Amino acid sequence: MGLIFRKHTVNEKYFSHWSERMAYLLGFIYADGNIAWDSAKGYYSLTITASEKDKDHLEKIRKVLQSTKPLLYGESTKSYRLTVNNKKICRRLMKLGVFPRKSLIIKFPQILQKYIRSFIRGYIDGDGSVKYFARKRSPYFEVTISSGSKKFIASLKDKIHLNLNINSVITKSGMNCYLLRYSCKRGLKLAEWLYQDADFYIIRKFNKYQEAISSRKE
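If you use the numbering used here, the sequence shown corresponds to residues 3 to 220, in order.
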């Protein structure tokens, strides 16, 4: 009996048309995606990774892309990855600014104003954190965003300031990690903007925002 190799499929036109969800996925890929390619061999591959605790979210992304390839688990990294071997998707993403070994060189993409919020929410779900500490005397809420590219984080900072009139200082952590922190009222204002009318996000991060809002009503 011969072996049967099943060819997996995906919606290769997904990133050809802008939408709120497409902008979100682009932001998530900017943070946690990677493209590998060899034009001579005709090899193109997109890999999207997520931590063990965010497996369900990566499954949602797989379904949105209509990928029939199951997630793969990395025992050493305790993470899941979705691999898409599709030339059209990879070439389209490269036109949108996703390049191999992109972490230190990415720039904020050209996006219509109406999609910027979804893109930033996707990026924060990939390379950011939403924290709430329910302390009795001084409850604390914070949204943190990180990037290896100073140009990208500076542009992101400007976009947030333009839309919300809130500011932050870029700080550096380690060799190539630039951070933005929005805490307390500024953090809540940012989170409210990010999650308003949104239907796609990492639930555990959204729940931290909900906890902070609930505590203010008590």
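Here a beta-carbon is modelled for each residue, glycine too, at the ideal position from N, C-alpha and C.
In this text the structure is predicted, and so the values were computed from the model without any measurement.
Through-space distance from residue j to residue i, alpha-carbon basis
i: residue 68; j: residue 48; result: 14 Å
i: residue 144; j: residue 169; result: 13 Å
i: residue 109; j: residue 192; result: 21 Å
i: residue 65; j: residue 43; result: 29 Å
i: residue 40; j: residue 46; result: 7 Å
i: residue 207; j: residue 87; result: 30 Å
i: residue 15; j: residue 104; result: 23 Å
i: residue 35; j: residue 159; result: 21 Å
i: residue 157; j: residue 11; result: 35 Å
i: residue 80; j: residue 54; result: 6 Å
i: residue 183; j: residue 196; result: 15 Å
i: residue 163; j: residue 151; result: 19 Å
i: residue 148; j: residue 172; result: 9 Å
i: residue 212; j: residue 98; result: 33 Å
i: residue 13; j: residue 58; result: 20 Å
i: residue 107; j: residue 138; result: 42 Å
i: residue 167; j: residue 102; result: 34 Å
i: residue 130; j: residue 100; result: 18 Å
Range of the contiguous beta strand (DSSP E) that encloses residue i
i: residue 195; result: Not the beta strand (DSSP E): residue 195 falls in the alpha helix (DSSP H), residues 186 to 197.
i: residue 143; result: 142 to 149
i: residue 49; result: 45 to 53
i: residue 132; result: 130 to 135
Buried versus exposed, by CB contacts within 10 Å (16 or more), residue i
i: residue 92; result: buried
i: residue 135; result: exposed
i: residue 56; result: buried
i: residue 119; result: buried
First through last residue of the alpha helix (DSSP H) which encompasses residue i
i: residue 29; result: 22 to 34
i: residue 162; result: 152 to 166
is_contact[residue i, chain B] using C-beta, thresh 7 Å
i: residue 52; result: Reference to chain B is not applicable here, since this structure consists of a single protein chain.
Residue i beta carbon near the ligand SAM (any heavy atom closer than 6 Å)
i: residue 186; result: As far as ligands go, the structure on display features none, and thus does not contain the ligand SAM.
Exercise for the section: Take every Cβ of the segment 113 to 131, pair it with every Cβ of the segment 75 to 82, and state whether three or more of those distances are shorter than 8 Å. Expected result: no
Practice task
Can you check the segment 59 to 125 for any alpha helix (DSSP H) of at least 4 residues that lies completely inside it and give the ranges in chain order?
Solution key: 89 to 97
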